[in-house]
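Each residue of the sequence shown is one higher than the one before, starting from 215 at the first, in my numbering. Here a beta-carbon is modelled for each residue, glycine too, at the ideal position from N, C-alpha and C. What follows is a single structure, written as structure tokens, with notes after it.
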Amino acid sequence: MSRESIVAIIIGFGIGLLVALSVLFGPSLLKSLDFKLPFLKDSQDTQIRLDMDKDVDNKNDKVTQELVINNPIDGGVFVQKNSDVLVKGKTEPGANVVGLSMVNQVQSTANKEGVFELELELLEGKNIIQVVSYSDQTKTAELTIYYAKD
215 MSRESIVAII IGFGIGLLVA LSVLFGPSLL KSLDFKLPFL KDSQDTQIRL
265 DMDKDVDNKN DKVTQELVIN NPIDGGVFVQ KNSDVLVKGK TEPGANVVGL
315 SMVNQVQSTA NKEGVFELEL ELLEGKNIIQ VVSYSDQTKT AELTIYYAKD
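Shown next as structure tokens:
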């Protein structure tokens, strides 16, 4: 074997050993450093208003309903055991509402007051949630949340 081959084998073995050790001992090292992500609690008072087109309906001379996401908060961080999040909001009464996460898609119908709930599954890390309301007009809302397993 040439000298370059031996050096390449030694370097490759060293890098592999470092990666293996970081995978084995990295999580316990992070716990010993008391590293925690910031945690935001759900708030009933917070509302995220997205896609706020207020089109005037000439026939009834009224403002059309908007799509409002009450929960979760855009940019929120969830540290919990299960990977589900409950998306709550309000739109036009009786509208078909579809929620899309990076894992699944759920359909629901808004009640008489226009309130809806969707339970979506999350991946660890950054998740983009899209909610689409279908009625006379299509309305879309999008928010980003972060999930870490507890």
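Whether residue i touches residue j by CB criterion (9 Å)
{"i": "residue 333", "j": "residue 301", "result": "yes"}
{"i": "residue 293", "j": "residue 363", "result": "yes"}
{"i": "residue 335", "j": "residue 315", "result": "yes"}
{"i": "residue 357", "j": "residue 287", "result": "yes"}
Burial state of residue i, where buried means 16 or more other Cβ atoms lie within 10 Å
{"i": "residue 229", "result": "exposed"}
{"i": "residue 342", "result": "exposed"}
{"i": "residue 246", "result": "exposed"}
{"i": "residue 299", "result": "buried"}
Contact set for residue i: own chain, Cβ-Cβ below 6 Å, skip 5 residues either direction
{"i": "residue 349", "result": "306, 309"}
{"i": "residue 347", "result": "281, 305, 309, 311, 353"}
{"i": "residue 218", "result": "none"}
{"i": "residue 223", "result": "none"}
Supposed contact pair residue j and residue i - C-beta distance, whole angstroms, cut 8 Å
{"i": "residue 220", "j": "residue 290", "result": "Contact doesn't hold; Cβ gap of about 53 Å is too wide."}
Spatial distance of residue i from residue j (CA atoms)
{"i": "residue 297", "j": "residue 303", "result": "20 Å"}
{"i": "residue 241", "j": "residue 323", "result": "42 Å"}
{"i": "residue 216", "j": "residue 227", "result": "17 Å"}
{"i": "residue 235", "j": "residue 225", "result": "15 Å"}
{"i": "residue 233", "j": "residue 328", "result": "52 Å"}
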